[in-house]
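A quick write-up on the structure given underneath.
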Amino acid sequence: MSNLARKYREQTVQQPQRQPKTIPVREERPLITPGEKILVALIGVVFCFMAVNIISTQSSIYKANKEIQVVQSQIDVQEKANNDLKLQVSELSTYERILEKAKELGLDLKEQNVKVVQNQ
């Protein structure tokens with residue numbers, strides 16, 4: 627082969643290789659799309675709303691329980707006072723004490739005027 631044939635052959639073989647290869651350009655997409663950002667923001671807002679709602683509910687439950695305890699302690703104090711008063715009434719209404727007070731006031735006991743009342 628002659629040098630000319632070799633050059634022709636190299637040109638024919640090299641020409642298809644010399645065509646510039648087009649490299650497809652990839653579009654660089656952001657890691658988070660605007661739709662995903664909106665969705666995450668919406669979820670964050672809902673999460674914050676629910677957290678505030680739960681905290682306010684727990685706060686109102688705490689206040690109600692505290693009020694219940696205060697009222698219960700007042701009830702206990704009043705029941706104790708009532709029991710003390712009942713005890714005083716039972717002590718002051720004994721027969722001996724009533725008889726003693728009657729004698730102090732100048733009343734005397736006459737057997738014929740005493741009537742016995744039975745509890746039914």
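Read the sequence shown against our numbering and you will find it ends at 746, with the numbers running on by one and no gaps. A virtual CB, placed ideally from N, CA and C, is assigned to each residue, including glycine. What you are looking at is a predicted structure, and each value in this text was computed from that prediction instead of being measured.
First through last residue of the alpha helix (DSSP H) which encompasses Gly661: Membership of Gly661 in the alpha helix (DSSP H) is indicated by the continuous run 660 to 718.
Would DSSP call Gln744 helix, strand or coil? In the three-state scheme derived from DSSP, where H, G and I count as helix and E and B as strand, Gln744 is classed as coil.
Are the C-beta of Thr659 and some C-beta of chain D separated by less than 8 Å? Protein chains in the displayed structure number just one, and chain D is not present.
Could you give the residue range of the alpha helix (DSSP H) that holds Leu731? Run containing Leu731: none; DSSP gives neither H nor E here.
For Ile649, which of helix, strand or coil comes out of DSSP? If DSSP states are grouped into helix, strand and coil, Ile649 belongs with coil.
Inter-residue Cα distance where the pair is Gly661 and Phe675: Rounded to the nearest angstrom, the two C-alpha atoms are 21 Å apart.
By DSSP, does Arg655 sit in helix, in strand, or in coil? DSSP places Arg655 in coil when its eight states are reduced to three.
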